[in-house]
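*Asks:*
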Amino acid sequence: MSRLATGFFHGTAWYPELWQDCIDEDIALMRAAGIDLVRIGEFAWSSLESREGCYEWSWLDDAMDRAYDAGMAVLLCTPTCTPPLWLTSAYPETLRRDVDGRVFGHGSRGHGSLVSRRYRSLCRGIVTALARRYGAHPALVGWQIDNELLGDADGEYSDEARRCWHAFLRERYGDVTALNRRWATAVWSQTYPAIENVPLPGKTPFGCWTGRPVGKHHTSLMTDWGDFISSTARSFIAEQVTAIREHSTAPITHNAISPTRVLPEDAYADVDLAATDLYRTPDKMWTLASRLDLLRGSKMTADRTMRPFLVTETSPSQNGGTEGGHPPHPRGFLAAEAALMLALGGNAFCYWLWRQQRAGIEHCHGSVITAWGSPGLGWEDVCAAGRAIACLAPTLRAHPPAPADIAILHSRRSTAMLERGARLWEGLHPVGSLDEEVYRPLLERGIWRDRRSDTDDWTRYRVVISAFTPIIPDALVERMEPWLMNGGTWIVGPMSGCRTDDATVPVVGGLGPIDALAGMRTRWTAVLGAAHGSFGGREQHELVGYACGFEPIADDCRAIGIYTDGPQAGVPWAVERRIGRGRVVVLGALPRGQMGAVFDELWRESDLWQCRSSWGVMVVPRGRRREVAIAVNTSAEPGWVMWPPRGGPGKRLPIEPHAVRVLRMGSSPL
Amino acid sequence: MSRLATGFFHGTAWYPELWQDCIDEDIALMRAAGIDLVRIGEFAWSSLESREGCYEWSWLDDAMDRAYDAGMAVLLCTPTCTPPLWLTSAYPETLRRDVDGRVFGHGSRGHGSLVSRRYRSLCRGIVTALARRYGAHPALVGWQIDNELLGDADGEYSDEARRCWHAFLRERYGDVTALNRRWATAVWSQTYPAIENVPLPGKTPFGCWTGRPVGKHHTSLMTDWGDFISSTARSFIAEQVTAIREHSTAPITHNAISPTRVLPEDAYADVDLAATDLYRTPDKMWTLASRLDLLRGSKMTADRTMRPFLVTETSPSQNGGTEGGHPPHPRGFLAAEAALMLALGGNAFCYWLWRQQRAGIEHCHGSVITAWGSPGLGWEDVCAAGRAIACLAPTLRAHPPAPADIAILHSRRSTAMLERGARLWEGLHPVGSLDEEVYRPLLERGIWRDRRSDTDDWTRYRVVISAFTPIIPDALVERMEPWLMNGGTWIVGPMSGCRTDDATVPVVGGLGPIDALAGMRTRWTAVLGAAHGSFGGREQHELVGYACGFEPIADDCRAIGIYTDGPQAGVPWAVERRIGRGRVVVLGALPRGQMGAVFDELWRESDLWQCRSSWGVMVVPRGRRREVAIAVNTSAEPGWVMWPPRGGPGKRLPIEPHAVRVLRMGSSPL
Amino acid sequence: MSRLATGFFHGTAWYPELWQDCIDEDIALMRAAGIDLVRIGEFAWSSLESREGCYEWSWLDDAMDRAYDAGMAVLLCTPTCTPPLWLTSAYPETLRRDVDGRVFGHGSRGHGSLVSRRYRSLCRGIVTALARRYGAHPALVGWQIDNELLGDADGEYSDEARRCWHAFLRERYGDVTALNRRWATAVWSQTYPAIENVPLPGKTPFGCWTGRPVGKHHTSLMTDWGDFISSTARSFIAEQVTAIREHSTAPITHNAISPTRVLPEDAYADVDLAATDLYRTPDKMWTLASRLDLLRGSKMTADRTMRPFLVTETSPSQNGGTEGGHPPHPRGFLAAEAALMLALGGNAFCYWLWRQQRAGIEHCHGSVITAWGSPGLGWEDVCAAGRAIACLAPTLRAHPPAPADIAILHSRRSTAMLERGARLWEGLHPVGSLDEEVYRPLLERGIWRDRRSDTDDWTRYRVVISAFTPIIPDALVERMEPWLMNGGTWIVGPMSGCRTDDATVPVVGGLGPIDALAGMRTRWTAVLGAAHGSFGGREQHELVGYACGFEPIADDCRAIGIYTDGPQAGVPWAVERRIGRGRVVVLGALPRGQMGAVFDELWRESDLWQCRSSWGVMVVPRGRRREVAIAVNTSAEPGWVMWPPRGGPGKRLPIEPHAVRVLRMGSSPL
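Chains as they are written, first to last, in this note's numbering: chain A, -18 to 651; chain B, -18 to 651; chain C, -18 to 651.
1. Locate the beta strand (DSSP E) running through A/ILE389, then write down its first and last residues.
2. Okay, do the stretch 250 to 260 of chain A and the stretch 215 to 228 of chain A touch, 3+ Cβ pairs below 8 Å being the bar?
3. Using only CA atoms, which one of A/PRO475, A/PRO494, A/GLY474 and A/TRP471 lies nearest to A/ASP482?
4. For chain C, check one thing: does any of its Cβ atoms lie closer than 8 Å to the Cβ of B/ALA403?
5. Nearest by alpha-carbon distance to B/TRP267: which of B/ILE472, B/GLY547 and B/ARG421 is it?
6. List the residues of chain B whose Cβ lies closer than 7 Å to the Cβ of A/TRP406, in chain order.
7. Between the beta-carbon of A/PRO368 and the beta-carbon of A/GLY468, is there less than 8 Å?
8. Residues of chain A with CB closer than 9 Å to the CB of B/TRP26, please, in chain order.
9. I need the DSSP call for B/LYS197, collapsed to helix, strand or coil.
10. Give every residue of the same chain whose Cβ lies closer than 6 Å to the Cβ of A/ARG90, excluding the five residues on either side of it in the sequence, and list them in chain order.
11. Can you find a CB in chain B that lies within less than 8 Å of the CB of A/PRO650?
12. So who's on the other strand from B/ALA612, going by DSSP bridges?
13. May I have a chain-ordered list of the beta strand (DSSP E) segments no shorter than 3 residues that lie completely inside the stretch 307 to 372 of chain C?
14. By the 8 Å beta-carbon criterion, what residues does the stretch 489 to 500 of chain B contribute toward chain C?
15. For the stretch 78 to 152 of chain C, which segments carrying the alpha helix (DSSP H) assignment without a break, of at least 4 residues, lie completely within its bounds, in sequence order?
16. Nearest to C/GLN575 by alpha carbon, out of C/PHE516, C/ARG603 and C/PRO625?
17. Give the C-beta separation of B/VAL96 and B/THR213 to the nearest angstrom, bearing in mind that I take them to be a contact with Cβ-Cβ under 8 Å.
18. For A/PHE580, report the span of its alpha helix (DSSP H) as first-last.
19. Closer than 7 Å by beta-carbon distance: list the chain A residues that pair up with B/PHE85, in chain order.
20. With respect to 7 Å, is the separation between the Cβ of C/PRO625 and the closest non-hydrogen atom of the ligand GDP below this value?
21. Counting only the same chain and skipping the five closest in sequence on each side, list residues whose C-beta sits under 7 Å from that of A/TYR115.
22. Under 8 Å, with one C-beta from each stretch per pair, do the stretch 542 to 557 of chain A and the stretch 455 to 462 of chain A reach the 3-pair mark?
23. Leaving out the 5 sequence neighbours to the left and right, which residues in its chain are closer than 6 Å to A/ASP416 when beta-carbon positions are compared?
24. Express the C-alpha separation of A/ALA319 and A/ILE636 in angstroms, rounding to a whole number.
25. Cutting at 8 Å between CB atoms, please list the residues of its own chain near A/ARG394, excluding the five before and the five after it.
26. So, using beta-carbon positions, are C/ALA528 and C/LEU498 closer together than 8 Å?
27. Can you grab the Cα-Cα spacing for the pair B/THR293 / B/GLY354, in whole Å?
28. Where does A/ALA167 sit, in a helix, a strand or coil, going by DSSP?
29. Over the uninterrupted alpha helix (DSSP H) stretch that includes A/SER279, give me the two end residues.
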């Protein structure tokens, strides 16, 4: 594959169209900072095509050529996030409309309507022209489609949106009878005479007190709506991919920012490489690991080989728009962040942005150099990150990320439902809950894992976790049994399996076919008050969330967690059933902040790869046989890692603040 | 009167149209739970009339017949809360519009416009068809009109709404000259050339910073607007009552939920029985007593005999929509709640809902059984509530609620003004302030009371309280004197009497004719800062709210409360005047949390019926001579009641958590 | 000049059109309260012109005549804040529209569109008629234009607004090429083909999550928008001034309330006297001094002689609309407030309002007398304020406010940018930050100062402070050098100079030409995290805000403040450069709450006039040679003032709560 899929890059967003007098100065400073990739063109439509069909290539020719001369690679972006005024004036139907019918006009970005055929056609025009001209440019290493799709406004309310929405429903349900049946629309007399009658979700009387622009609609409708909106981004990306492919073989990516709006299944389906823009503060690094694992899993094959992913944007110092946002990174953090990203499978670490915006909306954002050309606050850190990447590259190249034993499954329908339809519990967030309650304890324990879609082939993993995924398709449950017989462990829950694929309550049992699989009966579901329960016969946990009470039916179903107070006292909240050499574990409530203790209990005798370290030190095994590990101290405090991992005595190796260590099995640490 | 007005019922909402395969199973389980009343049809319009004029009765025939066969009573609801899509598509003028002209479309409930003549006509159609078919069904015990009118969106902004609004104003004011004079519209040049010029209240420049959709309008306009909106619900109900009456003699009710939007005077004026939907948590039981007293008073005659009321909905365990809401009830609470409701004069205790919603918006709500047919979390409590009702019924039947000595007056115009026009003080809420500051101390003291409209005949009470009613009509003051001469006590205030019936400031004196009646002069009104005052020569109270300073004029007017600090120091805040054998007491400020001490002082030598108990134990006297009392411990702690009530030594009788005791005068307690 | 510019007044708003039966009673009570000025007509359009062209003068003739007979002066207001219904019905284009196109209809105030030519023409009509009739009335002492322009809604979204907006931009930029260049619109492809394409700022996808009606637009556009909106008020005022001038020589004012919406440069440019409405609570008196200094400076000449200003509204006791607002003033406060206002250069202290509103929206507001004619809660204080004014008048007349050594500059473009465009730092508020961080420490130190526009001639001051003014025009920097050579001290910052006049980032250096002037280079700007720094080699300050790092270049540029932690450790945050006999001091961060220590260090050896006092006692020097000072104790605690000021031993003179002392140099205190 191309350079972009095999190299390691230290990159930056660059807007040569805004700084045409500074190109040489910029390139010289980039080289000084160890930068070897520039991301160009993202918002440049009006500079490329100032009137319809009139292209101006000179500035971009010049920037690409000079980048090439300086030995730099170029990631070229399609500028479709920022349609020019001539376009939206001539074709007003290209403008996005909000739920109240208001047109999002010129003056910002992301105002093009993804469902407008006209807009798509105009986008294909500029993309084709770009691909034709630069598709074979020697500096070109890849393409980025648009920018952070649906990161700002989402929802579409034009007549075309209505037509697309109905086509989506027709595709999914076939006819309105099936839709009415599967949505169970007779509730509240919502029965639809025809699919054409299904509304775009607008303001409703019920729930109008919330002040939100979109009211409370039927959960199945809202779940499909979320699914649909995400799918418009997929087809928008796919059209551009097709247009580029006619003229270029360079790999293509999209820098998705919101994994709950553009579902990862849509963002990366039709591109070659996954990418994301990330602005994390040092105190939340486990959320970074979670997101990057998601990207790594997005382009992974059935045999668990992966493609690298790109971090297309991160701040060299602080965030900010028209106001400053996060505080600047502490010294040393940036190199650690870069190392962690690369260790987790990324191969490009790019800044937003090179030269501070001098105008617009984001002039307070951190940049590598200032608008007047002096080094920004993060300059030294940028240089250090460049050195770190260069230093790690040989090891990373030699040892790809290790296969994991554990797969954490995400679910497109669950995300769509939780994001827009029904939260089930006010504390349930499709991203945050997983990060806090599952990822954090896994990282505390140094357990290596993948994140995969529930439609991927997960059968090569030893453990599968379905947590915070209310929708578990029946098809997935059906695939479970042979794998369980073979020794797999499926951890279901908390708050998983309690809704059908149509986002309704299953009527065959509280958790649908999982009840039968686990040999139990779900008695009820409810959000409990101040509830507690035991687990494994020992601990007392606070139990929260949209919870279940269970009743073991099969002889080999064992209650492993019991509610100990409230009206549910004595009822099991967690059960385990051995199935062949494997087992299914169902957690009917969330032991808040205590999932780690649950994992410890469940894995007491397992031999999962596990490498303990101080909090803030993250360890990533690399190589098919995990022969190497990269340990990164993301914190500003001295830390340690226990090496070798698991079993055996192990030794506590110190790691300086923000330092990186490469550890090798069977040899003394480097 | 019919069974519904004389029996005692344990009921549930039931949606056989959604669960046609489960009817026998449902009825069998209902009987097991002691349920003998089903509430049907509420949201079933599309199942009853799938196209205009095409009625489908079979499922309802079947459900009614089978209910009858099983010995169950049916409360049949008109489905006008959920117009089908064929209706709103064919007649778009039936859809409600919000203040910005946005149409509330299909996909929720409550989107039919109450002022649309077309909508009303279509509602009469389905209601007439229902009444014709089921008006004489042997299972039928009563009718419910629509569902929780104005509980969700309120306000109407169509052209028809405008015409109705102007008709309302013309009815009230006659001509625009009177309106201009009574509203005093010359302020801010608001003078109206014609009634047709009075706007529906929309967004205003003044107050636009609040972000609320309706801006700051003239207080008289907003008060009338609230009055008008409530009156649209009344006439909407009345039309359906008329339609039903042609074919059925069964009693009719409406389950009003918001006493500040559909004023009780409108909700129950044209129906036979009052009803409400109630979702109270155990820690707020005094607010339940307050609301149920309001219902009892709503259909009470001049001689204080009452009709029973219905609690048409309460949760068997927890509330919830697309998310869980309140925590589930503690074990034992439900039976206590049922007993309290029946003791206070209700005769039907109905759940929402029987079988968990499997779709839509409310699938997280507690239910008697789950969507898959297993007993819900509250099942045991439902069974216990059924037993409690059966056990209490003979006593309740033999002893109707006792007449009270005290009437607390509510005022339609005051509520309308406080809800939409002018709060006077940010802490003043038309329901909450009365509950917290008046109801709570009365219940703490075990004092029996009624709530009546200020347009009722209150002359048979010994004490009348007008609290948090800024509007006290002159007509009411005029009726006071003979009653006072005869020994009545009128407690006026806090925050009462300071506005005219048109919601303007009286110019004859700060409290209008009350100044003269009380023999004093109101000096000023103001919201005070951190103010304090004495009362009865003793206590120091914190005084808050929209407050008055008084000056006694008549010799027999006595300052009983004096401000002790601030610029108002030394000025009376409370006065008392003896009038014949009675007295009027005017409270010019709210002694926050201390109204109980004020009542104790005022009633030091009175012989009001009073039965002390521990907090959470509520005692209701029954029988014309109060020969019996029902004591209910609504709390999860052991409690006690002092018996017999008042005077005499009394004995502290223990009551177990959530238990009910029937106490009899002159005999040992049962 | 006229009486209004030379006398001292104790005034009140009066609405004789609403209380025509009470005129004699009102005037008698006013005299009893020592009131000698009435402000009339403000909202009376419908009473003056009940149909187009039909004027009704009798009530106003009568009120003016009777006021004159009683020896009272009249300030006559144009009623253009409240267009009557006949007007807005006949000419709907006169109504203001909000960002969503909603019309602000009748029922409030401020709904006339300032950009509607029709509305302006109708306003000229009533104003001309008023001026013709009363321009020479013997009671008339002055005119007020409209009421609190843009105090409520602002923004205009009609087609006329669009035309005016484009005219404004054409005037400012000439052609679209210049606009594109100066706004740097190529960012995000915002390039405008023509000025007619620049939108009125509406909702945007970017930032749509904020829920605000106006989204995130380009900072330059928003800054110009704020400038434009303010300028519409200026031209609206100017038209009325012209109309009045044809018939009257009496001085004209406008009671501006929002100095960030109607910029002071616009509010007072075309009137004779500055005025404001002020509702301050006793705990925020330094914000009162700041605002009144702004008014004093607004009509000051180059030689620092001033014109008096008016406080057209203040509450006699408490604020309030449909609810009570602030608590009532403590006893004694009002007289102190009046004295302070007069000491600072005002000459009229007027209440809002005389007689409590009996209807509308503001019936809970404090008033001198109640709606029923009794003295309000603040009556005694009003009488005391009258006495205080009478007592101080001779001294004030003999000794005008003293010239100050310090000028604090405000900047129309900075205010416009911070109010609507870009806050730079969430804690930065165009008014609040100056009040808290600059005014408070100056008042704590008893330092006398002026506030001037950055376009005024400030060269006669010894110290100029440019704080919280991100936009410092190049022209101002150019004027600095000769003044600095001559001994001036310029304090630049915090958060000043970092944006060009077009609200973009300067590219010649971080602070534009200030970098060169100060002999340093700005390294970077950023909002820091928890940062600290030293100053003057000693203190450790917490440093916050949109901050700079500096690098001294010139030999005579000295780092006087150094960051001591974080990634910026060791970098200077404050520099000083001696220039001739003067110096420029640049503060690159805000030492929160510690600007006083910075001032102390900077002025250690200066001889600025400074009069220490206890907190709450404010001292104002009067007379060209500061031969007198007025000390006002605004607090309810005993206080003191050190007299004589600065140098010398001084004596601590006590001042009773709320008392006023007149202090004279070289003589014992009075």
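All residues carry an ideal CB built from backbone N, CA and C; glycine is no exception.
*Replies:* On the basis of the data shown:
1. Counted from its first residue, the first sequence places residue 389 of chain A at position 408. Per DSSP, A/ILE389 belongs to the beta strand (DSSP E) from 387 to 391.
2. Output reads yes: the stretch 215 to 228 of chain A touches the stretch 250 to 260 of chain A.
3. As a position in the first sequence, residue 482 of chain A is number 501, starting the count at 1. For the set A/PRO475, A/PRO494, A/GLY474 and A/TRP471, the Cα lying nearest the Cα of A/ASP482 is the one of A/PRO494.
4. Here residue 403 of chain B refers to the residue found at position 422 when the second sequence is read from its first residue. With respect to chain C, the C-beta atom of B/ALA403 has a partner C-beta closer than 8 Å.
5. Counting from one through the second sequence, the residue named residue 267 of chain B turns up at place 286. Comparing C-alpha distances from B/TRP267 to each of B/ILE472, B/GLY547 and B/ARG421 shows the shortest one belongs to B/ARG421.
6. The count along the first sequence starts at 1 and reaches residue 406 of chain A at position 425. A/TRP406 reaches chain B at GLU304 and GLY305, counting residues in chain order whose Cβ is nearer than 7 Å.
7. Here residue 368 of chain A refers to the residue found at position 387 of the first sequence. Here residue 468 of chain A refers to the residue found at position 487 of the first sequence. The question names Pro, but residue 368 of chain A in the sequence shown is Arg. Going by C-beta atoms, A/ARG368 is not nearer than 8 Å to A/GLY468.
8. By one-based count along the second sequence, residue 26 of chain B stands at place 45. In chain order: SER170.
9. Numbered from 1 along the second sequence, position 216 holds the residue referred to as residue 197 of chain B. Three-state result, B/LYS197: coil.
10. In the first sequence, residue 90 of chain A corresponds to position 109, counting from 1. Cβ within range, chain order: CYS62 and THR63.
11. Numbered from its first residue, the first sequence carries residue 650 of chain A at position 669. Any reading at A/PRO650 needs caution, since the residue's pLDDT is 44, under 50, leaving its predicted position unreliable; the model's value is listed next. For A/PRO650, the closest Cβ of chain B is not nearer than 8 Å.
12. Walking along the second sequence from the start, residue 612 of chain B turns up at place 631. Here B/ALA612 is bridged, per DSSP, to B/VAL600 and B/ARG642.
13. Secondary structure within the stretch 307 to 372 of chain C: the beta strand (DSSP E) runs of 3 or more consecutive residues, fully enclosed, are 327 to 332 (chain order).
14. Cβ contacts with chain C: VAL489, GLY490 and GLY491.
15. Complete alpha helix (DSSP H) runs here, min 4: 98 to 115.
16. Stepping through the third sequence from its first residue, residue 575 of chain C is reached at position 594. Checked all of C/PHE516, C/ARG603 and C/PRO625; the closest Cα to C/GLN575 is C/PHE516.
17. In the second sequence, counting from the first residue as 1, residue 96 of chain B sits at position 115. In the second sequence, counting from the first residue as 1, residue 213 of chain B sits at position 232. Contact check for B/VAL96 and B/THR213: beta-carbon distance about 5 Å, within the 8 Å limit, so the pair qualifies.
18. As a position in the first sequence, residue 580 of chain A is number 599, starting the count at 1. Taken as a continuous stretch (DSSP letters only), the alpha helix (DSSP H) holding A/PHE580 covers 576 to 583.
19. Numbered from 1 along the second sequence, position 104 holds the residue referred to as residue 85 of chain B. Within chain A, LYS184, THR185 and PRO186 have C-beta atoms less than 7 Å from the C-beta of B/PHE85, given in sequence order.
20. The model depicted lacks the ligand GDP and carries no ligand whatsoever.
21. Locating residue 115 of chain A in the first sequence gives position 134, counting from the first residue. The answer, listed in chain order, is MET45, LEU57 and LEU121.
22. Two segments are said to touch when three or more pairs of C-beta atoms, one from each, lie closer than 8 Å; by this definition the stretch 542 to 557 of chain A does not touch the stretch 455 to 462 of chain A.
23. Stepping through the first sequence from its first residue, residue 416 of chain A is reached at position 435. Hits under 6 Å: THR268 and SER271.
24. Translated into positions along the first sequence, residue 636 of chain A becomes position 655. Translated into positions along the first sequence, residue 319 of chain A becomes position 338. Cα to Cα, the separation comes out at about 17 Å.
25. Residue numbering aside, residue 394 of chain A sits at position 413 when the first sequence is read from its first letter. Only THR204, ASP208, ILE452, PRO454, ASP482 and ALA484 meet the Cβ criterion.
26. For this step, residue 528 of chain C is matched to residue 547 along the third sequence. For this step, residue 498 of chain C is matched to residue 517 along the third sequence. For C/ALA528 and C/LEU498, no; Cβs fall outside 8 Å.
27. Looking up residue 293 of chain B in the second sequence gives position 312. Looking up residue 354 of chain B in the second sequence gives position 373. Cα to Cα, the separation comes out at about 23 Å.
28. Position 186 of the first sequence, counting from 1, holds the residue named residue 167 of chain A. Note: A/ALA167 maps to coil in three-state DSSP.
29. What you label residue 279 of chain A is simply residue 298 of the first sequence in a count that begins at 1. Start and end: 266 to 279.
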